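Start counting the sequence shown at 25; every next residue gets the next number (our numbering).
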Amino acid sequence: MNDRSRGIGRGMVLLFAVATGLSVANLYYAQPILGAIAGDFHTGSGTAGLVVTLSQAGYAAGLALLVPLGDLMIRRRLVPAVLAVTTVGLVLSAAAPSVMMLVGVALLVGLGSVAAQILVPMAASMAREGEQGRVVGTVMSGLLLGILLARTASGIVADVSSWRVVYIAAAVLAAALAVVLGRVLPDEIPQTSVSYGRLLTTTARLLVTERTLAFRSLLGALGFAAFSVFWTTMAFLLSGAPYHYSDLVIGLFGLVGAGGALCANFAGRWVDRGLTKITTVVFAVCTAGSFALLWAGRDNLILLIAGIIVLDVGVQGLQVTNQSVIYKLAEARSRVNAGYMVSYFIGGSLGSALGGAMYDAHQWAGVCVLGAAIAAVITVLALLSAARRVPTSPVLTAEGQAAAAVADERVAASGES
Numbered sequence: 025m026n027d028r029s030r031g032i033g034r035g036m037v038l039l040f041a042v043a044t045g046l047s048v049a050n051l052y053y054a055q056p057i058l059g060a061i062a063g064d065f066h067t068g069s070g071t072a073g074l075v076v077t078l079s080q081a082g083y084a085a086g087l088a089l090l091v092p093l094g095d096l097m098i099r100r101r102l103v104p105a106v107l108a109v110t111t112v113g114l115v116l117s118a119a120a121p122s123v124m125m126l127v128g129v130a131l132l133v134g135l136g137s138v139a140a141q142i143l144v145p146m147a148a149s150m151a152r153e154g155e156q157g158r159v160v161g162t163v164m165s166g167l168l169l170g171i172l173l174a175r176t177a178s179g180i181v182a183d184v185s186s187w188r189v190v191y192i193a194a195a196v197l198a199a200a201l202a203v204v205l206g207r208v209l210p211d212e213i214p215q216t217s218v219s220y221g222r223l224l225t226t227t228a229r230l231l232v233t234e235r236t237l238a239f240r241s242l243l244g245a246l247g248f249a250a251f252s253v254f255w256t257t258m259a260f261l262l263s264g265a266p267y268h269y270s271d272l273v274i275g276l277f278g279l280v281g282a283g284g285a286l287c288a289n290f291a292g293r294w295v296d297r298g299l300t301k302i303t304t305v306v307f308a309v310c311t312a313g314s315f316a317l318l319w320a321g322r323d324n325l326i327l328l329i330a331g332i333i334v335l336d337v338g339v340q341g342l343q344v345t346n347q348s349v350i351y352k353l354a355e356a357r358s359r360v361n362a363g364y365m366v367s368y369f370i371g372g373s374l375g376s377a378l379g380g381a382m383y384d385a386h387q388w389a390g391v392c393v394l395g396a397a398i399a400a401v402i403t404v405l406a407l408l409s410a411a412r413r414v415p416t417s418p419v420l421t422a423e424g425q426a427a428a429a430v431a432d433e434r435v436a437a438s439g440e441s
């Protein structure tokens, strides 16, 4: 277990923020260039959208299979190895001769991008008690900026060269990040020495037995589904009538969502102050309300931009709230995070697939109706949570403590129900 008495320095927090941003960016480079990919391979929006869907599916697989290793292995070695997988996937993407190969390789890109979710709980474990929300919020701000700036950078690079160069540049960045982190990440003692099979079993068991984790995982999955419904189809809206924007301009829309990244740090601080229920409701309402603005923005740029800002604030604020809560559940944070994030990206994958299909079938109206319906469910669950009808306790239950203890080959001392 790490010595947390000294906490984590500001410089290291900023390093974690940059590293998580660059790692997760690999999932989002494709979003603003889907129109260019579809045109190059002469395929439809639904097929091109599968590049995003499969990368998110690969990310979910990596969360389930690789992230729990953060409790078993030295993360200074694990993170560079995972980034190497991403690098290989990005190189193959740049050379893809067909859209179906690009779709297939997207699984590998997503699988290796989970380095970000190994680093987030590592930062939380290094933080002092009472500072975890702030640290998680800062690191998540970097992660969210990575998501947003990935779209902008991708659009700029594709506009001045081609979508293939986007993947080449991403591969260079991933390889460089692997080298840097391999040198500067701190040494640590793994939290457990159990077998890999038992590690995965405990991850699944915590997700099933811990009601707080299950509830927050459901909120996260629905939030990311709504988020992906919009961002997967945005390029098709902006490249068609009435906008007819280039890849460069479409990529710049990533900057519009910067409010979500800025909000993340505030959300973490609010959770530290015990305002979890309030933040959950506020961000759920923002997510739901955003789709009314996005619908009105189908031919009104100002309303479209307003909708993007509100959507990103809602979804990212909800995400930080969820993660700040679940990291208080156990010392086995990599496993807790893996369970949560698998659910999160399953939701994102479904949102991407359904969003692309809805755009093909019903254009922008279908996208907004689908997103609004998902966001409405989130709002209802948040209101029920505020009314104490669903679990909200940030304390690991006795059963959950026992599950983590067995996995770590130790006996839980006590627990609270």
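C-beta: ideal position from N, C-alpha, C; glycine also. All of these numbers come straight from a predicted model, not from anything done at the bench.
Checklist entry - Alpha carbon to alpha carbon, how far is LEU131 from TYR83? => result Going from the Cα of LEU131 to the Cα of TYR83 covers about 7 Å.
Next on the checklist: I'd like to check one pair, ALA119 with ARG188: are the Cβ atoms closer than 9 Å?
Outcome noted: Against a cut-off of 9 Å, the Cβ pair of ALA119 and ARG188 comes out as a contact.
Checklist entry - Does the beta-carbon of SER185 have 16 or more other beta-carbons within 10 angstroms, so that it is buried, or is it exposed? => result The residue in question, SER185, is exposed, as its Cβ has fewer than 16 Cβ neighbours within 10 Å.
Next on the checklist: Among the candidates THR300, ARG175, LEU39, whose CA atom is the shortest distance from the CA of ALA13?
Outcome noted: This structure cannot settle anything about residue 13, because the visible part of the chain is limited to 25 through 441.
Next on the checklist: Which residue marks the beginning of the alpha helix (DSSP H) containing THR345, and which one marks its end?
Outcome noted: Unbroken alpha helix (DSSP H) run through THR345: 325 to 350.
Item to check | Bounding residues of the alpha helix (DSSP H) (the contiguous stretch that carries TYR52) | outcome: Premise fails: TYR52 is in no alpha helix (DSSP H) and is neither H nor E.
Checklist entry - In chain order, what residues of the same chain lie with their CB nearer than 7 Å to the CB of THR225, ignoring the 5 residues before and after it? => result The answer is none, since no qualifying residue turns up.
Checklist entry - In terms of residues, what are the limits of the alpha helix (DSSP H) holding ILE142? => result Looking at the DSSP string, the run of the alpha helix (DSSP H) that includes ILE142 is 139 to 150.
Checklist entry - When the distance is taken between beta carbons, is LEU243 closer than 9 Å to ILE402? => result Going by C-beta atoms, ILE402 is nearer than 9 Å to LEU243.
Checklist entry - Apart from the five residues just before and just after VAL253, which ones in its own chain have a Cβ nearer than 8 Å to its Cβ? => result Excluding sequence neighbours, VAL253 sits near GLY375, SER376, LEU378, GLY379, MET382, VAL391, LEU394, GLY395, ILE398.
Checklist entry - What is the rounded straight-line gap between the Cα of LEU38 and the Cα of VAL48? => result Between the C-alpha atoms of LEU38 and VAL48 there is a straight-line separation of about 16 Å.
Checklist entry - When we look at the beta-carbon of SER149 and count the other beta-carbons within 10 Å, is it buried (16 or more) or exposed? => result SER149 is buried by the Cβ-count criterion.
Checklist entry - Looking only at its own chain, which residues have a Cβ that is under 6 Å from the Cβ of ILE61, when we skip the five neighbours before and after it? => result So the list reads ALA72, TRP187, once near-sequence residues are dropped.
Item to check | Cβ neighbours of GLY372 in the same chain (closer than 6 Å, five flanking residues each side left out) | outcome: So the qualifying residues of the chain are GLN80, PHE248, SER252.
Item to check | TYR83: first and last residue of the uninterrupted alpha helix (DSSP H) it sits in | outcome: Element bounds for TYR83: 69 to 89.
Checklist entry - Can you name the start and end residues of the alpha helix (DSSP H) that ARG222 belongs to? => result Taken as a continuous stretch (DSSP letters only), the alpha helix (DSSP H) holding ARG222 covers 220 to 233.
Checklist entry - Do VAL305 and SER241 have their C-beta atoms closer together than 9 Å? => result Going by C-beta atoms, VAL305 is not nearer than 9 Å to SER241.
Item to check | CA-to-CA distance, VAL190 to THR345, given in whole angstroms | outcome: Between THR345 and VAL190, the C-alpha separation is close to 32 Å.
Checklist entry - For ALA174 versus ASP271, is the C-beta distance shorter than 9 Å? => result Their beta carbons are not under 9 Å apart, which means ALA174 does not touch ASP271 by this criterion.
Checklist entry - For the region 194 to 214 against the region 326 to 337, are there 3 or more C-beta pairs whose distance is under 8 Å? => result Verdict: no, contact absent.
Checklist entry - How would you label SER314, buried or exposed, when you count the other beta carbons within 10 angstroms and need 16 or more for buried? => result Under a 10 Å Cβ-count criterion, SER314 is classified as buried, with 16 or more other Cβ atoms of the shown protein chains found around its own Cβ.
Checklist entry - What separation, rounded to the nearest whole angstrom, lies between the Cα atoms of ALA193 and THR44? => result Answer to the nearest angstrom: the Cα atoms are 17 Å apart.
Next on the checklist: Alpha carbons only, please: which of GLY86, VAL127, THR233, ILE329 is nearest the one belonging to GLY70?
Outcome noted: Measuring from the Cα of GLY70, the nearest candidate turns out to be VAL127.
Checklist entry - TYR368 and GLN340: beta carbons closer than 9 Å? => result In this structure, TYR368 lies away from GLN340, with their beta-carbon atoms at least 9 Å apart.
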